[in-house]
Amino acid sequence: MDARPIGVFDSGVGGLTVLHECLVTMPHEDFVYLGDHARLPYGPRPLPEIRRFAREIGAFLEEQDVKLILVACNAATSAALPQLQEELRVPVIGVITPEAHAAVQATRNRRIGLLATQATVDGGRYAELVHALDAGVAFFPVACPRLVPLIEGDDPYGEETEQAVREYAAPLKEAGIDTVVLGCTHYPLIRPIFQRTFGRDVTLVFSAEETAREVAETLARKRIENDAAREGAYRFLTTGDPEAFREMGRRFLQLPIGEVEHVAPARLEGAAA
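First residue of the sequence shown? That's 17 in this note's numbering, and the numbers climb one at a time after it.
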């Protein structure tokens with residue numbers, strides 16, 4: 017048995033939707049979650065900058081003696097996953113591969129849409145993975161720059177959010193898709209709005225459960241699981257304001273969040289030096 021924690025990171029609190037599934041799937045494991053609030057959002061940033069941030073955080077988490085790193089951020093996975101897997105000594109898992117696999121399995125007419133941040137769309141990783149699994153799939157990516165600020169705002173379920181979803185959904189509906197990947201960890205919070213906009217005939221894919229299952233299977237395969245009889249713990253770090261992280265984080269984790277530790281961005285930069 018390996019008692020070391022699992023490292024999880026995101027640009028902010030969106031990755032807590034993935035952490036939630038990990039906590040449910042692996043209640044005996046310990047987790048360390050880092051939200052890079054000081055430098056969010058990642059979505060509009062250039063891919064090389066996101067890649068640098070991800071490498072800094074990966075090196076920092078490895079210093080914390082984690083046994084596996086989960087990149088719970090679509091933009092960071094798209095920009096940096098291969099580099100992280102090459103550079104770090106521990107296994108590194110991202111959130112995109114499970115979603116691409118689930119979408120290809122779900123589609124009936126082989127027309128798949130993607131709603132995501134600009135960086136995730138620009139990274140092109142979803143298209144590569146989907147076409148590697150089924151070269152005949154027609155793939156339609158749409159960047160949604162307004163959604164993350166609205167979901168983190170005071171009225172995530174308001175008319176402005178619904179209007180934005182309808183706007184971003186329009187080209188996908190016109191393209192005749194039957195499956196949509198919700199390619200941002202924030203989006204599950206407004207899943208009912210997506211479902212109403214697309215209707216029951218369109219399958220929405222957000223694979224936090226599949227990602228958690230992949231983490232659990234990787235731990236088992238490498239024989240680095242924790243003792244199944246114990247109760248795991250989780251701790252939180254942020255480069256931003258700990259209190260703001262704690263308040264917003266509750267909405268996404270749907271579990272209690274106690275103390276949140278602050279990590280200066282300079283500390284992350286030093287880890288990758």
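Every residue, glycine too, gets a C-beta built ideally from N, C-alpha and C.
Bear in mind that the values here come from a model prediction, so they are computed numbers and not experimental data.
Curious, which full-length alpha helix (DSSP H) runs of at least 4 residues does the stretch 49–110 contain? Fully enclosed alpha helix (DSSP H) runs of no fewer than 4 residues occupy 63–79 and 90–103 of the stretch 49–110, in order along the chain.
Is the Cβ-Cβ distance between residue 28 and residue 168 less than 9 Å? On the sequence shown, residue 28 is found 12 positions in, with the first residue counted as 1. On the sequence shown, residue 168 is found 152 positions in, with the first residue counted as 1. Yes; because the gap between Cβ atoms is below 9 Å, this pair is in contact.
Residues of its chain near residue 141, where Cβ-Cβ distance is below 6 Å and the 5 sequence neighbours each way are ignored: Translated into positions along the sequence shown, residue 141 becomes position 125. Within the same chain, residue 141 has close Cβ partners 94 and 112.
Let's see if you can read the secondary structure: which residues bound the alpha helix (DSSP H) around residue 286? Position 270 of the sequence shown, counting from 1, holds the residue named residue 286. Annotation for residue 286: the continuous alpha helix (DSSP H) segment containing it runs 281–287.
Contacting residues, own chain, Cβ-Cβ under 8 Å from residue 146 (five flanking each side not counted): By 1-based counting over the sequence shown, the position of residue 146 is 130. Around residue 146: 116, 119, 120, 128, 153 and 155.
Rounded to a whole number of angstroms, what is the C-alpha to C-alpha distance between residue 132 and residue 163? Here residue 132 is taken as the residue at index 116 of the sequence shown, counted from 1. Here residue 163 is taken as the residue at index 147 of the sequence shown, counted from 1. Going from the Cα of residue 132 to the Cα of residue 163 covers about 9 Å.
Does the Cβ-Cβ distance between residue 89 and residue 227 come in under 9 Å? Your numbering for residue 89 matches position 73 in the sequence shown. Your numbering for residue 227 matches position 211 in the sequence shown. No.
The alpha helix (DSSP H) enclosing residue 235, as first and last residue numbers: Locating residue 235 in the sequence shown gives position 219, where the first residue counts as 1. For residue 235, the uninterrupted alpha helix (DSSP H) segment begins and ends at 224–237.
Residue 29 (DSSP reduced to helix, strand or coil): Within the sequence shown, numbered from 1, the residue matching residue 29 stands at position 13. Assignment of residue 29 by DSSP, reduced to helix, strand and coil, places it in the coil class.
May I have the straight-line CA-CA distance separating residue 33 from residue 48, to the nearest angstrom? The count along the sequence shown starts at 1 and reaches residue 33 at position 17. The count along the sequence shown starts at 1 and reaches residue 48 at position 32. The alpha-carbon atoms of residue 33 and residue 48 are separated by roughly 14 Å.
Name the DSSP beta bridge partners of residue 254, please? The residue you call residue 254 lines up with position 238 of the sequence shown. 51 and 278.
Between 199, 255, 100 and 234, which lies nearest to residue 278 when the distance is taken from Cα to Cα? Residue mapping note: residue 278 aligns to position 262 of the sequence shown, counting from 1. Out of 199, 255, 100 and 234, 255 has the C-alpha closest to the C-alpha of residue 278.
Sub-9 Å separation of residue 235 and residue 81 beta-carbons: Residue mapping note: residue 235 aligns to position 219 of the sequence shown, counting from 1. Residue mapping note: residue 81 aligns to position 65 of the sequence shown, counting from 1. Cβ distance not < 9 Å, so residue 235 and residue 81 don't count as in contact.
Quick one: what does DSSP say residue 22 is sitting in, helix, strand or coil? Taking the sequence shown and counting its residues from 1, the one referred to as residue 22 is at position 6. Per DSSP, reduced to three states, the secondary structure at residue 22 is strand.
Contact between the stretch 168–186 and the stretch 208–220: three or more CB pairs below 8 Å? Contact holds: three or more Cβ-Cβ distances are below 8 Å.
Quick one: what's got a C-beta closer than 8 Å to residue 253's C-beta in the same chain, skipping five residues either side? Against the sequence shown, residue 253 aligns to sequence position 237. Excluding sequence neighbours, residue 253 sits near 48, 49, 50, 51, 276, 277, 278 and 279.
Restricting to runs no shorter than 3 residues, where is the beta strand (DSSP E) found entirely within the stretch 156–228? Within the stretch 156–228, the complete beta strand (DSSP E) runs of at least 3 residues are 195–199 and 219–221.
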